[in-house]
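Chains A and B, in that order, are what the protein sequence lines are.
This note's numbering puts the last residue of the first sequence at 357; the count rises by one with no breaks.
This note's numbering puts the last residue of the second sequence at 714; the count rises by one with no breaks.
For every residue, glycine included, the Cβ atom is placed at its ideal position computed from N, Cα and C.
In what follows, a structure is listed as structure tokens, so that the remarks can point back to it.
2 protein chains.
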Amino acid sequence: MAAKNLKLADIAERVGVNRSEVSRVLSGVRRQGRTVSPATREHILEVARDLKYYPDKNAQSLAKGCTNTIGLMMSMTGDRPLTDSLAEHNHEIIGALAYTLHEYGIHLLLAQCAPKHSGERAVDNMVHIMRSQLCDGMVLSDITVDDERPAALEEIGLPFVVIGSPHGIGLPAVDVDNVRVGYEGVSYLYGLGHRHIAVYNIGRNLISGQNRFHGITQAGEELGMGRRLEYRDDAHSQMDVYTAVTQRLNEPSFPTAIFTEDETSAFGAERALRDAGLSVPKDVSIITCMNSRLMRLIAPRLTTINLRHEEVASAAARLLAGQLRGVQIEKRSKLFPPVLEPARTTGPPRKRRFPGR
Amino acid sequence: MAAKNLKLADIAERVGVNRSEVSRVLSGVRRQGRTVSPATREHILEVARDLKYYPDKNAQSLAKGCTNTIGLMMSMTGDRPLTDSLAEHNHEIIGALAYTLHEYGIHLLLAQCAPKHSGERAVDNMVHIMRSQLCDGMVLSDITVDDERPAALEEIGLPFVVIGSPHGIGLPAVDVDNVRVGYEGVSYLYGLGHRHIAVYNIGRNLISGQNRFHGITQAGEELGMGRRLEYRDDAHSQMDVYTAVTQRLNEPSFPTAIFTEDETSAFGAERALRDAGLSVPKDVSIITCMNSRLMRLIAPRLTTINLRHEEVASAAARLLAGQLRGVQIEKRSKLFPPVLEPARTTGPPRKRRFPGR
DNA sequence: CTGTTAGCGCGTTCAG
DNA sequence: CTGAACGCGCTAACAG
């Protein structure tokens with residue numbers, strides 16, 4: 001079994017040249033002047049192909065000082081970032097990253113830095129990974145307001161790109177424009193005629209949450225909504241939102257529209273409304289951010305704001321890959337405008353207040 | 358910037374000992390007899406901690422011959438395995454794998470082997486990855502009936518575990534028992550009183566699909582359902598199933614229950630029924646396999662068969678990690694019984710045939 | 001155009 | 001218990 005992998009020397013011996021010659025042919029960046037004679041070149045390539053030679057990546061990495069791998073580091077807050085249903089968007093990011101990096105021949109490593117034992121700090125694990133030459137660059141997602149990772153990466157000098165709007169000058173970041181997400185969500189509803197809106201936003205500990213908050217409040221101010229724009233960012237699960245909406249229903253003058261952070265929340269809200277005998281969008285409109293592509297398949301009727309996760313992740317991959325390849329990137333950051341996709345959970349508000357209550 | 362990483366020699370010099378001594382203390386497996394004096398040991402540990410030394414993983418891998426990384430290799434058939442909505446379960450697998458491997462201090466590498474250019478073969482890319490010393494072991498998912506990967510891995514001698522029921526003797530495999538999935542889906546409906554069932558299964562090119570097929574037909578035979586058990590495995594997307602069910606509705610004697618491969622298909626079927634004026638489960642019952650945990654959040658009313666993706670992936674990780682750590686594993690394979698979770702899309706069949714048609 | 005030589009940073013013998 | 005020396009497989013600088 002375990003057929004011994006052959007090495008550079010083996011094929012060099014076979015061809016009758018020196019190892020360096022083989023190395024030059026197989027992995028050498030063609031420098032100016034430095035060439036190998038076509039004859040031996042062909043011979044080497046042929047033998048390498050025949051013998052099915054595969055260079056040892058570890059040896060290459062050690063010698064070259066780079067690993068041809070980039071790491072994805074997700075949230076450090078949840079202890080199960082990938083199995084946490086709140087982080088569903090990470091799956092889209094992983095998929096698009098892997099796919100795009102593959103085009104560059106770069107591998108994707110999932111960097112887990114959650115503490116294993118109590119007393120262990122996530123930051124330490126993170127620095128450990130970054131210092132261990134495991135990857136040439138990092139993609140950071142789920143960036144929080146007080147995130148320590150960018151600073152650590154800059155100190156170490158490891159290239160990185162943040163998925164999440166830039167919160168410092170010059171940080172390479174790619175994301176959907178979350179300020180616009182917030183702004184457009186509110187103003188779309190306003191445009192439909194809604195003058196009383198409830199927003200259930202993601203936490204402002206996240207950069208994205210903070211940006212959406214800015215967009216939301218900005219829209220509220222420009223449109224003069226005042227206290228008729230109700231804002232919360234403490235309800236995130238389906239259940240939380242269900243409860244929050246149900247409670248709100250017991251208070252007077254319920255808003256005519258709801259703006260949620262993701263599909264799950266939207267369903268929580270819709271269910272609370274339905275359980276209270278209200279219908280969507282006749283009594284209350286619902287708009288939500290699109291967190292999961294999968295959701296669109298089963299809920300095509302939801303009016304959503306497309307967060308373009310895949311495009312964002314692809315762009316992040318390209319940015320980082322370009323940087324590693326030495327391509328000078330002009331724009332270190334890129335913001336995608338969100339795309340509002342109207343469907344059947346939004347409509348004009350009811351003329352009269354709904355009965356009872 | 359880019360603080361130069363320190364190496365073994367640096368801290369050896371600082372302490373005033375030889376590099377080997379440091380190596381022994383920091384990464385040495387404590388052999389019998391071979392010890393380092395407690396004094397220098399402490400000193401070394403202290404200095405290493407103070408200076409924040411992190412060993413170079415590439416050098417370690419090269420010297421030791423193992424990388425402390427395992428690779429996940431998904432389907433080779435789709436060119437975008439991770440962004441393909443049909444492969445949603447892969448996300449659950451990734452999450453659970455990353456989490457469980459992290460407990461062992463093992464990293465997860467996403468191995469992409471889809472061909473980049475036409476003329477490139479996925480198998481070649483796969484062998485390339487396996488031969489390049491990128492990882493110590495592999496997890497294979499989306500195993501097809503004629504999959505070439507297990508054989509290739511065995512030839513190379515790389516440890517691996519298959520997520521998917523074993524299709525050869527002795528292949529290390531972990532999965533939900535798909536035969537039982539098929540069997541229980543049908544017999545549960547039968548138990549409710551259904552004597553005419555339509556099944557929309559995953560393709561039989563997949564091992565899992567083949568196994569489910571066996572379970573389905575076995576149940577059909579045991580229960581004497583004959584041609585009243587209608588089987589198809591050519592409709593997989595929501596649209597496909599919608600179309601298939603709609604067409605079937607135009608033919609006489611529609612089944613009283615439907616058994617689908619995943620939630621998306623279930624929604625396709627439900628929609629077709631609703632569009633035809635039928636209701637679930639009054640007119641037709643629906644049971645589906647649970648492919649995505651996320652779905653349960655928004656569709657708690659669906660009667661599902663829990664495929665236990667996370668447990669399966671965790672077990673796969675443990676199996677492989679144990680093997681790499683040299684622990685002798687008794688059971689190379691493990692099958693989880695599926696868990697049927699009744700909800701509100703199943704019920705007894707209607708007494709009379711539904712009107713019209 | 002090609003061979004020689006010296007690392008890359010660490011693990012692991014083997015003497016002492 | 002410790003130091004010296006070699007090897008992991010490959011790249012790169014320097015001669016020729």
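Mapping DSSP to helix, strand and coil, what is Thr645 of chain B?
The residue given as residue 645 of chain B occupies position 288 in the second sequence. If DSSP states are grouped into helix, strand and coil, Thr645 of chain B belongs with the strands.
Thinking just about the alpha-carbon of each residue, which of A:Pro300, A:Cys289, A:Glu261, A:Ala257 is nearest to the one in Ser361 of chain A?
As shown, chain A starts at 1 and ends at 357. That puts residue 361 of chain A outside it, with no answer to give.
Taking the alpha carbon of Arg325 of chain A as the reference point, which residue from A:Ile106, A:Met130, A:Lys351 has its own alpha carbon closest?
As a first step, residue 325 of chain A must be located in the first sequence, where it is residue number 325. Out of A:Ile106, A:Met130, A:Lys351, A:Ile106 has the C-alpha closest to the C-alpha of Arg325 of chain A.
Would DSSP call Val312 of chain A helix, strand or coil?
Position 312 of the first sequence, counted from the start, is the residue given in the question as residue 312 of chain A. Looking at Val312 of chain A - three-state DSSP - the assignment turns out to be helix.
Identify the residues that DSSP records as bridge partners of Tyr231 of chain A: which are they?
Position 231 of the first sequence holds residue 231 of chain A. Its beta-bridge partners are A:Val199.
Distance cutoff 9 Å, beta carbons only. Does Met647 of chain B sit that close to anything in chain A?
Locating residue 647 of chain B in the second sequence gives position 290, where the first residue counts as 1. Not one chain A Cβ lies under 9 Å of Met647 of chain B.
Using a Cβ-Cβ cutoff of 8 Å, what residues of the stretch 607–627 of chain B are near chain A? List them in chain order.
Glu620, Thr621, Phe624
Got a sec, what are the start and stop residues for the beta strand (DSSP E) Lys691 of chain B sits in?
Mapped onto the second sequence, residue 691 of chain B falls at position 334. DSSP places Lys691 of chain B inside the beta strand (DSSP E), whose first and last residues are 691–693.
Report the rounded CA-to-CA distance for Leu654 of chain B versus Val161 of chain A, giving the unit in angstroms.
To locate residue 654 of chain B, count along the second sequence from 1; it is residue 297. To locate residue 161 of chain A, count along the first sequence from 1; it is residue 161. When rounded, the distance between both Cα atoms is 32 Å.
Once the 5 residues before and after Gln32 of chain A are set aside, which same chain residues still bring their CB inside 6 Å of it?
Translated into positions along the first sequence, residue 32 of chain A becomes position 32. Any answer about Gln32 of chain A is weak, because its pLDDT of 45 lies below 50 and its placement is not dependable; what the coordinates show is given next. Excluding sequence neighbours, Gln32 of chain A sits near nothing in its chain.
Helix or strand or just coil, what does DSSP make of Arg464 of chain B?
On the second sequence, position 107 is the one that residue 464 of chain B refers to. It is worth fixing the name first, because residue 464 of chain B is His in this sequence and not Arg. Residue state, collapsed to three classes: strand.
So, for Ile129 of chain A: in the same chain, excluding its five sequence neighbours on each side, which residues have a beta-carbon less than 7 Å away from its beta-carbon?
One-based indexing of the first sequence puts residue 129 of chain A at position 129. Once the five neighbours on either side are set aside, the close Cβ partners of Ile129 of chain A are Gly71, Ala111, Cys113.
Neighbour list for Pro412 of chain B in chain A, Cβ cutoff strictly below 8 Å
The residue labelled residue 412 of chain B in the question sits at position 55 within the second sequence. Those within 8 Å of Pro412 of chain B in chain A are Ser132.
In angstroms, rounded to a whole number, what distance separates the CA positions of Lys282 of chain A and Gly347 of chain A?
Residue 282 of chain A sits at position 282 when you count from the first residue of the first sequence. Residue 347 of chain A sits at position 347 when you count from the first residue of the first sequence. Cα-Cα distance, rounded: 7 Å.
Ile93 of chain A in three-state terms, based on DSSP
What you label residue 93 of chain A is simply residue 93 of the first sequence in a count that begins at 1. If DSSP states are grouped into helix, strand and coil, Ile93 of chain A belongs with the helices.
Entirely within the stretch 592–660 of chain B and at least 4 residues each: give me those alpha helix (DSSP H) ranges in chain order.
595–606, 620–632, 650–655
Does any C-beta atom of chain B lie closer than 9 Å to the C-beta of Asn58 of chain A?
Within the first sequence, residue 58 of chain A is the residue found at index 58, counting from 1. Taking Cβ atoms only, chain B reaches closer than 9 Å to Asn58 of chain A, which makes this a yes.
Below 9 Å between beta carbons: does that hold for Asn5 of chain A and Tyr54 of chain A?
Locating residue 5 of chain A in the first sequence gives position 5, where the first residue counts as 1. Locating residue 54 of chain A in the first sequence gives position 54, where the first residue counts as 1. Yes, these two residues count as a Cβ contact at 9 Å.
Between Thr424 of chain B and chain A, is any beta-carbon pair separated by less than 9 Å?
As a working note, residue 424 of chain B is residue 67 in the second sequence. Chain A, which has a Cβ nearer than 9 Å to the Cβ of Thr424 of chain B, makes this yes.
So that I know if they touch, is there some Cβ in chain B lying closer than 9 Å to that of Tyr188 of chain A?
Working through the first sequence from its first residue, we reach residue 188 of chain A at position 188. Tyr188 of chain A does not count as touching chain B.
Enclosing alpha helix (DSSP H) for Thr35 of chain A [first to last residue]:
Taking the first residue of the first sequence as 1, we reach residue 35 of chain A at position 35. Premise fails: Thr35 of chain A is in no alpha helix (DSSP H) and is neither H nor E.
Tell me, please, which residues DSSP counts as bridged to Met73 of chain A.
Locating residue 73 of chain A in the first sequence gives position 73, where the first residue counts as 1. Paired residue(s): A:Ala111, A:Leu140.
Take Tyr557 of chain B as the anchor and find which of B:Pro395, B:Leu676, B:Asp619 has the nearest alpha-carbon.
As a working mapping, residue 557 of chain B is identified with position 200 in the second sequence. Checking every option, the nearest Cα to that of Tyr557 of chain B belongs to B:Asp619.
Would you report the Cα separation of Leu443 of chain B and Cys289 of chain A, rounded to the nearest angstrom?
As a first step, residue 443 of chain B is located in the second sequence; it is residue number 86 there, counting from the start. As a first step, residue 289 of chain A is located in the first sequence; it is residue number 289 there, counting from the start. Legend: pLDDT at Leu443 of chain B = 47, less than 50; position of this residue unreliable, value from coordinates given subsequently. One C-alpha to the other measures close to 22 Å.
Alpha carbon to alpha carbon, what distance is there between Thr457 of chain B and Pro115 of chain A?
Position 115 of the first sequence, counting from 1, holds the residue named residue 115 of chain A. Position 100 of the second sequence, counting from 1, holds the residue named residue 457 of chain B. Computed Cα separation, rounded: 13 Å.
Backbone CA spacing between Val339 of chain A and Ser292 of chain A [nearest angstrom]
Stepping through the first sequence from its first residue, residue 339 of chain A is reached at position 339. Stepping through the first sequence from its first residue, residue 292 of chain A is reached at position 292. One C-alpha to the other measures close to 14 Å.
Could you tell me whether the Cβ of Lys639 of chain B comes closer than 9 Å to any Cβ of chain A?
Position 282 of the second sequence, counting from 1, holds the residue named residue 639 of chain B. It does not; no Cβ of chain A falls within 9 Å.
So, does the stretch 595–610 of chain B touch the stretch 264–273 of chain A, judging by three or more C-beta pairs under 8 Å?
no
Please state the DSSP three-state secondary structure of Leu8 of chain A.
As a first step, residue 8 of chain A must be located in the first sequence, where it is residue number 8. If DSSP states are grouped into helix, strand and coil, Leu8 of chain A belongs with the helices.
Find out if the Cβ-Cβ distance for the pair Arg589 of chain B, Ala601 of chain B is shorter than 9 Å.
As a position in the second sequence, residue 589 of chain B is number 232, starting the count at 1. As a position in the second sequence, residue 601 of chain B is number 244, starting the count at 1. Yes.
Give every residue of the same chain whose Cβ lies closer than 7 Å to the Cβ of Asn306 of chain A, excluding the five residues on either side of it in the sequence, and list them in chain order.
Residue numbering aside, residue 306 of chain A sits at position 306 when the first sequence is read from its first letter. Around Asn306 of chain A: Met290, Pro338, Val339, Glu341.
DSSP on Glu698 of chain B, reduced to helix/strand/coil?
By one-based count along the second sequence, residue 698 of chain B stands at place 341. Glu698 of chain B: strand per DSSP, three-state reduction.
Taking the alpha carbon of Ala48 of chain A as the point to measure from, which residue in A:Asp10, A:Val139, A:Val36 has its own alpha carbon closest?
Position 48 of the first sequence holds residue 48 of chain A. The candidate whose alpha carbon is nearest that of Ala48 of chain A is A:Asp10.
Residue range of the alpha helix (DSSP H) that includes Val518 of chain B:
Position 161 of the second sequence, counting from 1, holds the residue named residue 518 of chain B. Per DSSP, Val518 of chain B belongs to no alpha helix (DSSP H); it is in the beta strand (DSSP E), 517–520.
Where Val174 of chain A falls: helix, strand or coil (DSSP)
Here residue 174 of chain A refers to the residue found at position 174 when the first sequence is read from its first residue. Three-state DSSP puts Val174 of chain A in a strand.
Starting from the beta carbon of Ala114 of chain A, find every residue of chain B whose beta carbon is closer than 9 Å, and list them in chain order.
On the first sequence, position 114 is the one that residue 114 of chain A refers to. Under the 9 Å cutoff, chain B gives Tyr456, His459.
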